[in-house]
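Down below is the structure, laid out as structure tokens.
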Amino acid sequence: MSEERRRLGVAMIGYAFMGRAHSQAWRVAPRFFDLPMTPEMTVLVGRDGARAAAAAARLGWADAETDWRRVLERDDVGLVDICSPGSTHAEIAVAALEAGKHVLVEKPMANTLAEAEAMAAAARAAAPSGVRAMVGFSYRRVPAVALARQLVADGRLGTIRQVRAQYLQDWLADPDAPLSWRLDKEQAGSGALGDIGAHIVDLAQFITGQRVVGVSAMLDTFVHERPVAESSDGLHGTAGTERGPVTVDDAASFLARLSGGAPAVFEATRFAWGRKNAMRIEVTGSLGAVAFDFEDMNVLQYFDAVDEDLTAGFRRIVVTEPVHPYVGAWWPAGHGLGYEHAFTHQVVDLVGALAAGEQPTPSFEDGLAVQRVLDAVERSAAASSVFTQVRADDDAGTPAGSTAARAAAGSVSGSATAGGTAVGSGDAAEPDLTQ
Ligand SMILES: NC(=O)c1ccc[n+]([C@@H]2O[C@H](COP(=O)([O-])OP(=O)(O)OC[C@H]3O[C@@H](n4cnc5c(N)ncnc54)[C@H](O)[C@@H]3O)[C@@H](O)[C@H]2O)c1
Numbered sequence: 002m003s004e005e006r007r008r009l010g011v012a013m014i015g016y017a018f019m020g021r022a023h024s025q026a027w028r029v030a031p032r033f034f035d036l037p038m039t040p041e042m043t044v045l046v047g048r049d050g051a052r053a054a055a056a057a058a059r060l061g062w063a064d065a066e067t068d069w070r071r072v073l074e075r076d077d078v079g080l081v082d083i084c085s086p087g088s089t090h091a092e093i094a095v096a097a098l099e100a101g102k103h104v105l106v107e108k109p110m111a112n113t114l115a116e117a118e119a120m121a122a123a124a125r126a127a128a129p130s131g132v133r134a135m136v137g138f139s140y141r142r143v144p145a146v147a148l149a150r151q152l153v154a155d156g157r158l159g160t161i162r163q164v165r166a167q168y169l170q171d172w173l174a175d176p177d178a179p180l181s182w183r184l185d186k187e188q189a190g191s192g193a194l195g196d197i198g199a200h201i202v203d204l205a206q207f208i209t210g211q212r213v214v215g216v217s218a219m220l221d222t223f224v225h226e227r228p229v230a231e232s233s234d235g236l237h238g239t240a241g242t243e244r245g246p247v248t249v250d251d252a253a254s255f256l257a258r259l260s261g262g263a264p265a266v267f268e269a270t271r272f273a274w275g276r277k278n279a280m281r282i283e284v285t286g287s288l289g290a291v292a293f294d295f296e297d298m299n300v301l302q303y304f305d306a307v308d309e310d311l312t313a314g315f316r317r318i319v320v321t322e323p324v325h326p327y328v329g330a331w332w333p334a335g336h337g338l339g340y341e342h343a344f345t346h347q348v349v350d351l352v353g354a355l356a357a358g359e360q361p362t363p364s365f366e367d368g369l370a371v372q373r374v375l376d377a378v379e380r381s382a383a384a385s386s387v388f389t390q391v392r393a394d395d396d397a398g399t400p401a402g403s404t405a406a407r408a409a410a411g412s413v414s415g416s417a418t419a420g421g422t423a424v425g426s427g428d429a430a431e432p433d434l435t436q
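Quick look at the structure:
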């Protein structure tokens, strides 16, 4: 048992954008943080043998494999880290949990609500055996974001009155930017909505400790056909001569109601010229406000309404002091952190929870809660923006753990409900703020 706790063999599926970010995190986390278990980069999975082997060597993985099913049979693998497109998430995650492997899956958790329900049911069924599942909403681990949540949880903002959240990028604003899997509904589930809108829904819920309970939404597609990509790297690719259809939204805009009653405004677009990765959230309460913009990610703006008028204003907190979340393990104050550090912190929190026998967050219930908001946005947009309730546990069209939901995840064998605990993320349920 002690040997088991000492090491954690990891299998990672996919080795491109997120595969590189996660590899860096698995490599670096045990070198900067004192982890209670030692992660081992056991095997990387890719579909092409030669490319997977080259990626494994480059990124620091001991072995490479071409079929994810084979890594589930390995005794030296304790956790499966899914960094492939959304269309693969449910099938791999459910099979991994049924094989007794912990799972970290990239966001959005799934491409459909039925898939997310099947995944949450599989996680519930696996939990009594100590098998855990987590979703990679990495922005929760940016120190300034974690500080924002801390200020809200400490009551510094008072009652939450309004939330405004935006995720703005511009990599699709050029109509000749090529098609990739992110523009194909079959592979991505949705467009800006699931890709970046999911992040701001999760952040709003994370920072406020409340759930989104209803939405009025619009989804727009501005460019309906693009050149097919001949090759791709990260978000960008090289256009070929053939053209193909865009089958997802380019922009998602929605008003929302939070479980505590506050209104919220969300906007996700990949057409906002000049905005590269402007993930912004501003939360206004009765006693103050916090504002964050990822393009200035080491800073949290904080307004304290108790300040005298003469000097009142947003305080620009440079979140690089040892007292700030995660920061003590890194550099002297003012020597900022970057995009990749959030993934390292994700590994730190995940490994810490596994070693303690606790549920890491965001759990599959948290991922399912976000998926239910995405589903409500799609239903509202399809009904001329009519205000639409986010589904609760007992009114989902496809009950969690049902054969239909499991079929949606590509797995209909085994029991998904055995030993399951009560679902903790109903619409009005407040997530636990004591992470
Ligand atoms: N947390 C974040 O901020 C963040 C950022 C970007 C992407 N993501 C998410 O990460 C996931 C992957 O996105 P990405 O940007 O890394 O995509 P990507 O296109 O850069 O890489 C996808 C990888 O998956 C592999 N792959 C595809 N199908 C596979 C299969 N059936 N079996 C094995 N490997 C397969 C591809 O070969 C590639 O290596 C998506 O869910 C995406 O939404 C999260």
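So for the sequence shown, my numbering puts the first residue at 2; every next one is plus one. Glycine included, each C-beta is placed from N, C-alpha and C at the ideal position.
In this chain, the beta strand (DSSP E) harbouring H103 covers 103–107. Excluding its 5 nearest sequence neighbours in each direction, L355 has C-beta neighbours in its own chain below 8 Å: L9, M38, L80, H103, R133, P361, listed in chain order.
With a minimum length of 3 residues, the unbroken runs of beta strand (DSSP E) contained wholly in the region 229–271 fall at 237–246, 252–259, 264–270.
Residue nearest to L236 within the set E118, P86, R32 is P86 (criterion: CA-CA distance).
Taking the C-beta atoms as reference points, I14 is found no nearer than 8 Å to W62. Counting along the chain, Q211 sits inside no alpha helix (DSSP H), nor does DSSP assign it H or E at all. When rounded, the separation of the alpha-carbon atoms in A189 and V291 is 32 Å. Proximity of the beta carbon of S364 to ligand 1 is not indicated: no heavy atom of the ligand is located closer than 7 Å. Counting only residues of its own chain and dropping the five nearest sequence neighbours on each side, A330 has a CB closer than 6 Å to the CB of F33, F34. DSSP places E283 in the strand class (E or B) of the three-state scheme.
Of the heavy atoms belonging to ligand 1, none sits nearer than 7 Å to the Cβ of W62. Within the region 43–78, the complete alpha helix (DSSP H) segments of 4 residues or longer fall at 50–60, 69–73, listed in chain order.
Distance check between L45 and each of Y16, L180, A343, I208 places Y16 closest, using alpha-carbon atoms only. Burial of D376 is indicated by the presence of at least 16 other C-beta atoms within 10 angstroms of its C-beta. Inter-residue distance for V324 and G215 is about 37 Å (C-alpha atoms, whole angstroms). Annotation for S233: S181 place their beta carbon closer than 6 Å to its own, counting only its chain and skipping 5 residues before and after. The residue from A154, Q347, G262, D308 with its alpha-carbon nearest to that of L105 is Q347. Residue range 340–357 is occupied by the alpha helix (DSSP H) that includes D350.
D196 is the residue among A252, G339, D196, F293 whose C-alpha sits nearest the C-alpha of G137. When secondary structure is reduced to three states using DSSP, M135 falls in the strand class. Put simply, of E366, F267, G339, P109 the residue whose alpha carbon is nearest the alpha carbon of Q25 is G339. Judged by beta-carbon spacing, E268 lies beyond the 8 Å limit of A279, meaning their Cβ atoms are not closer than that value.
In the DSSP assignment, F304 falls within the beta strand (DSSP E) that extends over 300–305.
Under a 10 Å Cβ-count criterion, K277 is classified as exposed, with fewer than 16 other Cβ atoms of the shown protein chains found around its own Cβ. Residue pairing of Q390 in beta bridges, as defined by DSSP: G215. Judged by the Cβ position, E107 qualifies as a neighbour of ligand 1 at the 7 Å threshold, a heavy atom of the ligand being closer than this. Per DSSP, G20 is one residue of the alpha helix (DSSP H) stretching across 18–33.
Distances between the C-beta of G137 and the heavy atoms of ligand 1 include at least one below 7 Å. Using a cutoff of 7 Å, the CB of G192 does not count as near ligand 1, since none of the ligand's heavy atoms is closer than that. Residue side-chain check: I282 keeps its Cβ at 7 Å or more from all non-hydrogen atoms of ligand 1.
Annotation: A51 to A218 spans about 45 Å, alpha carbon to alpha carbon. As the crow flies, the alpha-carbon of V247 is around 7 Å from that of V224.
Between L194 and Y140, the C-beta spacing is not below 8 Å.
Under the DSSP assignment, I93 falls outside any beta strand (DSSP E), being part of the alpha helix (DSSP H) whose first and last residues are 87–99. Counting only residues of its own chain and dropping the five nearest sequence neighbours on each side, E187 has a CB closer than 7 Å to the CB of S88.
T239 counts as exposed, since fewer than 16 other C-beta atoms from the protein chains shown sit within 10 angstroms of its C-beta.
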